[in-house]
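**Q** Add 15 to the 1-based position in the sequence shown for this note's numbering, that's all there is to it.
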Amino acid sequence: GAEHEQMESTLEDAVQRARSQLPRGESLEFCEECGDPIPEARRKAIPGVRLCVVCQGELDKKQSAYSGY
């Protein structure tokens with residue numbers, strides 16, 4: 016029903032927002048936050064990656080605290 020359609024629409028919006036925030040372009044060899052090297056495997060797995068695992072984890076924690084989810 017209408018409630019299900021609303022939930023699907025909300026989910027689609029969330030996916031679109033998440034995709035729009037994905038990095039684009041060349042992956043960095045060094046984290047733009049702390050300067051530590053970003054391993055080649057991470058650069059290949061996440062095209063356009065700009066942060067090391069530690070800094071990305073910190074950013075994710077901060078963002079989830081604000082999102083309310």
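Ideal Cβ positions, reconstructed from N, Cα and C, are used throughout, including at glycine.
For residue 41, tell me which candidate among 32, 29 and 55 has the shortest Cα-Cα distance.
**A** Selected option, being the one with the closest Cα: 55.
**Q** Who are the Cβ neighbours of residue 39 in its own chain at under 6 Å, not counting the five residues just before and after it?
**A** For residue 39, where only same-chain residues beyond five positions count, the Cβ hits under 6 Å are 63.
**Q** From the DSSP output, read off the bridge partner residues of residue 52.
**A** Answer by DSSP bridge pairing, in chain order: 45.
**Q** Examine the Cβ distances between the stretch 42–52 and the stretch 16–29 and report whether three or more of them are shorter than 8 Å.
**A** Counting Cβ pairs under 8 Å, fewer than three are found: no touch.
**Q** So, with DSSP's three-state summary, where would you put residue 32?
**A** Of the three classes helix, strand and coil, the one that applies to residue 32 here is helix, per DSSP.
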